[in-house]
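Colleague: I'd like to ask some things about the structure below.
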Amino acid sequence: MIYVQALLLLVPFLLNKTVANATKYRLPDSTFPSHYVLRIEMNTDLGSSDNYTGQVTITIVVHYPTDLIVLHAAENLEIKQIILQALESGESVEVRSKERETETQFLKIYTEQMLNQSEQYQLTISFGGHMQRNRTGFFLEEYQKGEFYAVTVFEPIYARKAFPCYDEPMFKATFDVEVECGKDYSVHSNAELMEIQAVDGDRKLVRFERTPPMASYLVAFIISKFDEEVRDFDGLKIGMITPPNDQQEGDFEFAFRATWFSVDGLQNYTGQKYPFSKLDQVGIDYFFGGLENWGLILYITDALVVNSQADDWDKVESVRLIAHEVAHQFFGNLVGLTWWEHLWLKEGFATFMSFKLTREFLPEAWILINHQNFIDRWDALHFDAGPMTYPMSNYVESPEAIGVHYTAEIVYNKAASVIRMMEAALGEEVFKAGVQDYIANDRFGTADPYKLYLSLHRFAEHMLPLEAHVAEIFHSWATQAGHPVVHVEMIGESNYYRLTQRKYCDTWNCNGSRWWIPIFYSSYELGERFAGWFSDATDAITVVMDGDLPLVNNGGYGFYRVSYCQRGWEAIIKNWNRLDGIARAKLIDDAFALFWNHGNTFGPLKAMLQLLRTESDPLPWLAAMGDRTLGKLLHMVKGRSELEPIVQQLARNLTLDMLKLFRNDTRIESRRVRQRALVWDERLKLTNVRVGRTEIRFELCAQIMSPDFMVKLRCNAKFLIEMLQNADLEKCFSEPEDFDEFLDNLLENFECPEVLNVVLAELEMNNPASDQFVESLFDKLYNLQTSIDADQLDGFLKEVIHYIYKPHHQQLYRQFIDRLKVISEDQRSTLHHLLDLQQSRVDDILKELAEIRVSHPMLTNSQ
Ligand SMILES: [Zn+2]
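Using UniProt numbering, the letters of the sequence shown correspond one by one to residues 1 to 863.
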């Protein structure tokens with residue numbers, strides 16, 4: 001019965017094609033490509049002009065009779081000539097007319113006669129192109145004075161800027177790539193080099209082998225004078241291609257090994273062979289991270305250069321990125337997406353596999369890797385609780401919406417956490433068998449998540465409750481935004497516990513969502529255990545959990561928060577030192593999150609903060625002393641004379657403890673907490689021990705203030721947020737004008753939806769410039785209102801409410817909302833209502849704080 005219901009829910013997945021036909025930005029499926037011959041002709045000297053010419057011959061198959069071929073070609077392409085021929089007979093088909101559509105970027109070709117079903121045709125389009133300078137599509141970049149290279153970045157929808165094509169992930173085809181250019185340049189593309197022919201003396205034509213069937217967004221080529229180092233690993237030629245500079249012998253040693261380890265590990269895990277005999281890795285300076293082009297991966301150069309001075313921190317960062325991109329060669333490239341809606345399938349698996357591979361490759365750095373994993377999950381939970389979140393599987397269609405869908409917290413980190421949770425619940429071997437089946441079924445094709453669920457179910461069926469289907473379980477996580485809180489209540493003195501589930505929600509979206517929750521628990525004597533599934537059909541279940549102090553989801557496998565009855569919290573506090581660092585950090589993070597959420601957890605929280613004073617593990621400190629935890633509390637009481645000194649005192653005591661414990665701690669996993677301690681020290685103006693560091697922190701200002709740098713970062717919001725966290729903002733913005741300039745610079749030059757995440761992070765940081773930030777922000781945003789996607793703006797406006805606590809700022813915000821032109825009256829009144837709710841929630845929290853302040857030693861004693 002429930003199984004049937006699950007299948008009904010999943011019908012939209014199966015009907016994808018029909019959905020596609022009915023929608024505005026999707027290509028019709030009347031014709032589809034099976035093969036491309038793509039020829040690009042460049043100037044002899046790359047820097048001399050931005051123009052190039054090209055010709056693409058697409059073999060197309062007709063799905064049903066039509067006189068219209070629709071494909072993509074962006075505005076920067078000039079279509080010069082179109083020739084259509086029947087493949088077999090060679091007879092030409094007259095083209096009646098062509099039409100360009102700006103908004104959809106469609107090129108529509110009408111034919112004189114109907115094209116016959118199941119017949120193949122050859123469509124040849126000659127075109128002229130204009131190379132981009134903004135790092136999308138086919139672009140040109142100067143890396144040294146007067147020296148240029150040209151390279152492609154097509155994911156997700158920029159191949160259409162380089163050549164006419166069916167630019168949707170479902171339309172896979174084989175590609176023969178040919179590039180003509182000056183003879184001094186070298187050319188690389190996805191597949192192996194086939195031949196080089198001399199043309200006109202100073203030019204050459206470079207041709208590549210045929211690729212396997214692949215999506216247009218994975219096509220890639222680079223024309224450059226970069227250095228190249230190639231090594232053979234068991235028949236696979238791995239190349240490192242980087243700008244010529246002072247790279248030393250051996251600098252790539254680590255990246256070579258990490259790459260091969262990843263390829264080998266993924267071949268074993270998936271049971272599939274990497275399909276090329278070469279894998280080129282290109283380094284580009286200031287790149288936003290990595291891009292998984294099949295056989296020709298792009299990276300930020302730093303990720304490939306891990307020399308002898310590198311520490312575990314750099315190594316982990318490098319392997320995580322390499323393993324992620326190599327994982328895509330299988331997840332995303334070999335088995336593709338049916339549509340961007342299911343982006344999480346490739347990004348979630350790549351992130352999940354990269355964690356596995358990094359831990360295997362660098363076993364000595366396991367603490368660092370576990371911490372990173374915990375922090376990723378932590379970020380995801382936080383983002384997923386706010387109004388800007390959306391479901392992992394989220395139907396998107398317009399180019400803007402596809403761009404917004406790449407939010408790291410959801411399609412990368414939440415997806416990886418949910419995948420890891422499913423693996424932990426089903427068992428590693430069963431899960432791997434399901435994944436292998438899924439990949440084997442659709443290799444060189446595309447598959448939606450439903451295919452994965454079915455494969456997993458085949459192997460896991462015997463271990464699930466009678467009524468459960470993997471599809472239904474996974475579906476409850478993939479298609480609902482947000483996540484649950486599981487409340488644990490002890491029943492008497494037995495091993496019986498009553499569990500309830502509800503959605504973790506702040507003041508909005510508290511609908512009745514429910515999930516299929518795997519209940520993991522651990523106890524001191526018994527280790528990690530699985531108590532069974534909490535069905536989405538009910539709010540409450542009773543489970544048996546053995547052991548002395550069974551704590552739910554303490555290993556952090558589940559993507560949910562846990563609250564306890566009072567007896568439960570008391571038992572936790574009593575046994576605090578028997579828990580491991582990750583469990584302690586998780587409990588602190590959950591207790592804070594629940595406290596903001598009417599959780600009555602301030603009692604246990606106080607006790608945990610008291611216990612923190614002797615904590616030697618860095619992770620619980622990071623949990624407690626974060627912008628979302630103690631930082632938020634301090635932010636909240638700012639300017640409230642009766643409470644601010646008390647919370648300040650608490651923060652001071654803890655900061656001094658943190659400095660004492662970690663200042664001379666040289667463990668690599670303590671680096672983050674050392675930095676955090678210094679930031680708090682500076683914020684609270686406690687000591688003057690920051691010798692040598694102030695300068696570095698001040699140097700970051702110059703970069704943050706540079707428009708060029710903002711552009712170069714492209715949409716790397718995470719990187720920018722980290723810089724802001726580490727820069728000495730008080731000094732950077734010592735004059736109000738500096739701050740205005742920064743904000744202008746940010747909003748004008750960081751041109752992507754992620755700019756809103758930077759703004760929110762800045763609001764959250766509670767740095768000395770925060771007040772100023774809030775005050776300037778609204779005017780600036782007012783000017784920007786029409787250029788932000790409506791849904792994004794709506795979520796953002798709601799999210800901002802979380803970070804403004806001062807009555808004066810709330811007043812400013814209300815005025816801003818009233819002035820905004822792009823929102824409806826309904827939205828306006830909702831925002832006012834949410835502000836009222838937030839105000840009363842903050843008042844409640846402050847009242848709660850005021851009541852307990854006298855009784856707690858941490859809040860009253862000074863050191
Ligand atoms: Zn990725």
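Beta carbons are placed, not taken as given, at the ideal position from N, Cα and C, and that holds for glycine.
1. How about residue 864: is its Cβ closer than 6 angstroms to a heavy atom in ligand 1?
2. Just to check my reading of the structure: residue 801 and residue 834 have Cβ atoms closer than 8 angstroms, yes? What is that Cβ distance to the nearest angstrom?
3. For ligand 1, is there any heavy atom lying closer than 6 angstroms to the beta carbon of residue 380?
4. From residue 691 to residue 718, what distance separates their C-alpha atoms?
5. Using DSSP with H/G/I as helix, E/B as strand and the rest coil, what is residue 250?
6. For residue 399, tell me which candidate among 482, 639, 161 has the shortest Cα-Cα distance.
7. DSSP puts residue 203 in a beta bridge; with which residues?
8. Between which two residues does the beta strand (DSSP E) carrying residue 240 extend?
9. Using a strict less-than 5 angstroms threshold between each residue's beta carbon and the heavy atoms of ligand 1, what residues do you get?
10. If we ignore side chains and look at the alpha-carbon of each, how far apart do residue 77 and residue 41 end up?
11. Quick one: what's residue 765 bridged to in DSSP?
12. I'd like to check one pair, residue 331 with residue 350: are the Cβ atoms closer than 7 angstroms?
13. Going by the DSSP bridge assignment, what does residue 554 pair with across the sheet?
14. Which runs of the beta strand (DSSP E) at least 3 residues long sit entirely within the region 781 to 859? Give them in chain order.
15. Would you say residue 419 and residue 272 are within 7 angstroms of each other, going by their C-beta atoms?
16. Express the C-alpha separation of residue 494 and residue 295 in angstroms, rounding to a whole number.
17. Determine the closest residue to residue 384 out of 478, 588, 229, with distance taken between C-alpha atoms.
18. When the distance is taken between beta carbons, is residue 176 closer than 7 angstroms to residue 263?
19. Decide if residue 285 is buried, meaning its Cβ has at least 16 other Cβ atoms within 10 Å, or exposed.
20. If you follow the alpha helix (DSSP H) that residue 672 is in, where does it begin and where does it stop?
21. Using the DSSP secondary-structure output, state which residues sit across from residue 188 in a beta bridge.
22. Taking the continuous beta strand (DSSP E) assigned at residue 152, which residues delimit it?
23. Measure from the alpha carbon of residue 199 to the alpha carbon of each residue in 173, 44, 149, then state which is nearest.
24. Helix, strand or coil for residue 476? Go by DSSP, reduced to three states.
25. Leaving aside the five residues before and after residue 87 along the sequence, list all residues of the same chain whose C-beta is less than 7 angstroms from its C-beta, in chain order.
26. Assign residue 293 to one of two classes, buried (16 or more other C-beta atoms within 10 Å of its C-beta) or exposed (fewer than that).
27. Looking at the strands, I want to know which residues DSSP matches up with residue 98.
28. Looking at residue 56 and residue 125, is the spacing between their C-beta atoms short of 7 angstroms?
29. Going by the beta-carbon positions, is the gap between residue 543 and residue 486 smaller than 7 angstroms?
30. Could you tell me the boundaries of the beta strand (DSSP E) in which residue 324 lies?
31. Using a 10 Å radius around the Cβ and a threshold of 16 neighbouring Cβ atoms, would you call residue 511 buried or exposed?
32. Please look up how many angstroms separate the CB atoms of residue 254 and residue 306, rounded, as I've assumed it's under 8 angstroms.
33. What first and last residue would you give for the alpha helix (DSSP H) that runs through residue 400?
34. Using a Cβ-Cβ distance cut-off of 7 angstroms, determine whether residue 449 contacts chain D.
35. What three-state label does DSSP hand residue 459 in the structure shown?
Modeller: Here's the rundown:
1. As displayed, the chain neither begins before 1 nor continues past 863, which places residue 864 out of reach and without an answer.
2. The Cβ separation is near 5 angstroms, so the contact holds.
3. Distance from the C-beta of residue 380 to the nearest heavy atom of ligand 1 is not below 6 angstroms.
4. Low local confidence applies: a pLDDT of 47 at residue 691 is under 50, so the model's placement there is unreliable, and no value is given.
5. Reduced to three states, the DSSP call for residue 250 is coil.
6. Checked all of 482, 639, 161; the closest Cα to residue 399 is 161.
7. Residue 203 pairs with 182, 199.
8. In the DSSP annotation of this structure, the continuous segment of the beta strand (DSSP E) that includes residue 240 starts and ends at 236 to 242.
9. Counting only residues whose CB is nearer than 5 angstroms to a non-hydrogen atom of ligand 1, the list in chain order is 347, 350.
10. Taking the straight line joining both Cα atoms gives about 14 angstroms.
11. In DSSP, residue 765 forms no bridge with anything.
12. Contact flag set, yes.
13. Answer is none; residue 554 lacks a bridge partner.
14. Correct list: empty.
15. Going by C-beta atoms, residue 419 is not nearer than 7 angstroms to residue 272.
16. For the pair residue 295 and residue 494, the Cα-to-Cα distance works out to about 58 angstroms.
17. The shortest C-alpha separation from residue 384 is found at 478.
18. 7 angstroms or more divides the Cβ of residue 263 from the Cβ of residue 176.
19. The residue is exposed, with fewer than 16 neighbouring Cβ atoms inside 10 Å.
20. It spans 671 to 684 - the alpha helix (DSSP H) in which residue 672 sits, taken as one unbroken run.
21. In DSSP, residue 188 forms a bridge with 222.
22. That run of the beta strand (DSSP E) goes 147 to 153.
23. For residue 199, the nearest C-alpha among the options comes from 44.
24. Three-state DSSP puts residue 476 in a helix.
25. Result list for residue 87: 59, 120, 121, 122, in chain order.
26. The residue in question, residue 293, is buried, as its Cβ has 16 or more Cβ neighbours within 10 Å.
27. Paired residues: 109.
28. Their beta carbons are under 7 angstroms apart, which means residue 125 touches residue 56 by this criterion.
29. In terms of Cβ geometry, residue 543 and residue 486 do not form a close pair [threshold 7 angstroms].
30. Residue 324: not part of any beta strand (DSSP E); member of the alpha helix (DSSP H) spanning 312 to 328, first to last residue.
31. Exposed: under 16 other Cβ atoms inside 10 Å.
32. A Cβ-Cβ separation of about 4 angstroms places residue 254 in contact with residue 306 under the 8 angstroms criterion.
33. Run containing residue 400: 399 to 404, per the alpha helix (DSSP H) assignment.
34. No chain D appears in the structure shown, which is made up of a single protein chain.
35. Here residue 459 sits in helix by DSSP.
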